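Here's the structure, in structure tokens; my notes come after.
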Amino acid sequence: MKLLAIDTSTDACSAALWLDGEVRQRYQVAPREHGQLILPMIESLLAEAGLALTQLDTLAFGRGPGGFTGVRIANSVIQGLAFGANLPVVPISSLAALAQGAYAEMGTPRVLAAIDARIGEVYWGAYLTAENGLVTLVDQEIVCPPQDVPLPLADDVSGDWFGAGNGWHTYAQPLKARLGEAVTAWDGQRYPQAQHLCTHAADAFQRGLAVSAEQALPVYLRDEVAWKKQPLLVITPPPK
Amino acid sequence: MRVIGIETSCDETGIAIYDGQRRLLAHVLHSQVALHAEYGGVVPELASRDHVRKVLPLLRQVMAQADTRAADIQGVAYTAGPGLVGALLVGAAIGRSLAWAWGVPAVAIHHMEGHLLAPLLEENPPDFPFVALLVSGGHTQLVRVDGVGRYHILGESLDDAAGEAFDKTAKLLGLGYPGGPALARLAARGNPQRFHFPRPMTNRPGLDFSFSGLKTQAVNSVKQHQDDQARADIAYAFQEAVVDTLAIKCQRALRETGLQRLVVSGGVSANTLLRERLRDMTHELGAQVYYPRLEFCTDNGAMIAYAGYQRLRAGQSEPLAFFAVPRWSMNDLAPP
Chain F
1 MKLLAIDTST DACSAALWLD GEVRQRYQVA PREHGQLILP MIESLLAEAG LALTQLDTLA
61 FGRGPGGFTG VRIANSVIQG LAFGANLPVV PISSLAALAQ GAYAEMGTPR VLAAIDARIG
121 EVYWGAYLTA ENGLVTLVDQ EIVCPPQDVP LPLADDVSGD WFGAGNGWHT YAQPLKARLG
181 EAVTAWDGQR YPQAQHLCTH AADAFQRGLA VSAEQALPVY LRDEVAWKKQ PLLVITPPPK
Chain R
1001 MRVIGIETSC DETGIAIYDG QRRLLAHVLH SQVALHAEYG GVVPELASRD HVRKVLPLLR
1061 QVMAQADTRA ADIQGVAYTA GPGLVGALLV GAAIGRSLAW AWGVPAVAIH HMEGHLLAPL
1121 LEENPPDFPF VALLVSGGHT QLVRVDGVGR YHILGESLDD AAGEAFDKTA KLLGLGYPGG
1181 PALARLAARG NPQRFHFPRP MTNRPGLDFS FSGLKTQAVN SVKQHQDDQA RADIAYAFQE
1241 AVVDTLAIKC QRALRETGLQ RLVVSGGVSA NTLLRERLRD MTHELGAQVY YPRLEFCTDN
1301 GAMIAYAGYQ RLRAGQSEPL AFFAVPRWSM NDLAPP
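The listed protein sequences derive, respectively, from chains F and R. Per the numbering used here, the very first residue in the first sequence carries number 1; after that it's consecutive. Per the numbering used here, the very first residue in the second sequence carries number 1001; after that it's consecutive.
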């Protein structure tokens, strides 16, 4: 099975090609340069493998949560590629990619993934690693102030949760205050990476969870209802 | 050569297919006006979110209408600016990626170039060179056009765009958003004798505009005159002043350039009084005035497909990197 995954939901921009479990990746932390980087990354991965887009089985992308514009860049690129090459799409959580990366690289099976959501909030998800080596979400993904994040598994705060993502960089203090001994360590410099989307995408694809290009849409978590009371995002006249 | 055009610079998603031999094959448009109305202006994030939901369904629709398969497409054009960056990025990312997946060239189009060239989609299009008045909620510009990519800005608004002044004044008169067309209807029952607004920047040389003073004048008039008829009278005086100012500057631009053709595009060009005034003015000068069809006066994909066709056929194309820019001077454009 062959799949291509991308993620631009944070300051990091990445693309990965997954060929029957073997993965190659392009990765760069480059705020506001995703539009310049992402297609050349994809082109070079395919050229190196000697593959055409149409030879892939599916595409995958980090569908958020994350920066609104960044999430839409990955989404729009994947929509264009999927429509053009007639391929299905697997949208994968960028928080899951973050947690999967921590497990893959740090060997931590219990991960609290946090992406800085600005204006005093984090995108948040707690993940446990299953038998098959894939992280699975506990409860649901949310956006909330760091002091309000849900305590992971209230009956079991045995202290071996690992924090991952730049939410842990920006809000280390309030998160630590909230979670106490449940958290042993964290890495605030981690970003979601396309290579860690791949294993999830391959699994989801095989379980029939791929969608058409049009149905591949972002998950923002912070939605219209949330920002009607949000003074940062109000009216501007159309500039031209 | 057959080209797809994608427009997502503000609050309309427009997609079209233009063919060099058979001209415009199909175009579709989704307007977000209702989405933004309750906010009294375009909310950029809402606009971007809507574009990402609409582009592909509209693309499928326009390809079906034009009886066009992927293999028939030889290029993709998308608006890259000026406009709302988040909104532009959706069209740019989809357009650039789609072109690459299809193995055809892509081209990034300046939104205003689309408007400038829109009248060339019509039967009996104007020949180059011509003077163009671009007048909408986002811009008011006079441009000398000598060919595709050969533009010289003769004058532009130093503050509010004419359509913006219309919408703001309409809001002041309780006509909702966007209220420009409603203001024009209200003006129809206004008393021409009651108020007189100035014609800004017409009593000195130059082709620049300023409309924010008119808006202030309207505010002051509303404060002093609370009767219901006053609203119509203010609307009348306001519209008269804007239209008259636009006509005076167009006349001046034609005289100064010695050109005989005037092209008028943008949302305000649908205004009936403006059309009457420009017809009379050009008639006096022995000049011709050209408009795109009404639906192409406002944002649309057809004008982007057409501008893209002109540039792609001349061999222009973009690298794989795509971009979107909020500001972009037309003076910086070059011929393909």
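From the three backbone atoms N, C-alpha and C, an ideal C-beta is built for every residue, glycine too. In this text, all values refer to a predicted model and were calculated from it rather than measured experimentally.
Close to residue 1094/R, with beta-carbon spacing below 7 Å, are these residues of chain F in chain order: 76, 79 and 80. Per the DSSP secondary-structure output, residue 25/F pairs in a beta bridge with 16/F. Between the beta-carbon of residue 1094/R and that of residue 1006/R there is about 7 Å, and that keeps the pair under the 8 Å contact cut.
Between residue 1016/R and residue 1032/R, the gap from beta carbon to beta carbon reaches 8 Å or more. Pairing residue 1103/R with residue 82/F, the inter-Cα distance amounts to about 13 Å. Here residue 1261/R carries a strand assignment [DSSP, helix/strand/coil].
Close to chain F, meaning a Cβ-Cβ distance shorter than 9 Å, are the following residues of the stretch 1032–1058 of chain R: 1036, 1039, 1040, 1041, 1042, 1043, 1044, 1045, 1046, 1047, 1048, 1049, 1051, 1052, 1053, 1055, 1056 and 1057. Scanning its chain for C-beta atoms nearer than 6 Å, with the 5 sequence neighbours on each side dropped, one finds around residue 198/F the residues 5, 16, 18 and 23, in chain order. Contact residues of the stretch 31–46 of chain F toward chain R are 35, 36, 39, 40 and 43 (C-beta to C-beta distance below 7 Å).
Rounded to whole angstroms, the separation of the alpha carbons of residue 1176/R and residue 1038/R is 9 Å.
Bounds of the alpha helix (DSSP H) holding residue 1184/R are 1180–1187. About 4 Å separates the CB atoms of residue 162/F and residue 108/F; that is less than 8 Å, so the two are in contact. When the Cα atoms are used, residue 67/F and residue 1262/R turn out to be separated by approximately 45 Å.
For residue 1018/R, the pairing in a beta bridge is given by DSSP as 1003/R and 1024/R. The C-beta of residue 29/F has fewer than 16 other C-beta atoms within 10 Å across all chains shown, which makes the residue exposed.
At a cut-off of 8 Å, the C-beta of residue 67/F has no neighbouring C-beta in chain R.
Nearest Cα to residue 133/F within the set 105/F, 114/F, 118/F and 121/F: 105/F. Residue 1156/R has 1141/R as its beta-bridge partners, per DSSP. Straight through space, the alpha carbons of residue 1191/R and residue 1012/R are spaced by roughly 36 Å.
In this structure, the alpha-carbon of residue 54/F lies about 11 Å from that of residue 88/F.
If you check the CB distance, residue 1209/R and residue 1157/R come in under 8 Å.
Distance from residue 1122/R to residue 1333/R at the Cβ level is roughly 22 Å; contact not present, criterion being Cβ atoms closer than 8 Å. Note on geometry: alpha-carbon atoms of residue 1246/R and residue 1134/R lie some 10 Å from one another. Runs of the beta strand (DSSP E) lying entirely within the stretch 156–222 of chain F and spanning at least 3 residues, in chain order: 161–164 and 183–187.
Remark: C-beta atoms of residue 1131/R and residue 1307/R do not approach each other more closely than 8 Å. When DSSP states are grouped into helix, strand and coil, residue 1250/R belongs to the helix group. CA-to-CA, the gap between residue 1284/R and residue 1235/R works out to about 27 Å. Residue 75/F holds the alpha-carbon nearest to the alpha-carbon of residue 62/F among 175/F, 203/F and 75/F. For the 8 Å CB-CB criterion, residue 146/F and residue 174/F form a contact.
The beta carbon of residue 121/F sits no closer than 8 Å to any beta carbon of chain R. Note that the C-beta distance between residue 1118/R and residue 1008/R is not below 8 Å. Residue pairing from DSSP places residue 62/F in a beta bridge opposite 92/F.
Fewer than three Cβ pairs drawn from the stretch 41–51 of chain F and the stretch 1063–1077 of chain R lie within less than 8 Å of each other, which leaves the two stretches out of contact. Residue state for residue 1328/R is assigned as coil, using DSSP reduced to three classes. Residues of chain F whose Cβ lies closer than 9 Å to the Cβ of residue 1086/R are, in chain order, 68, 69 and 72.
Spatial neighbours of residue 1098/R in its own chain (CB-CB distance under 7 Å, excluding positions within 5 residues in sequence) are listed in chain order as 1076.
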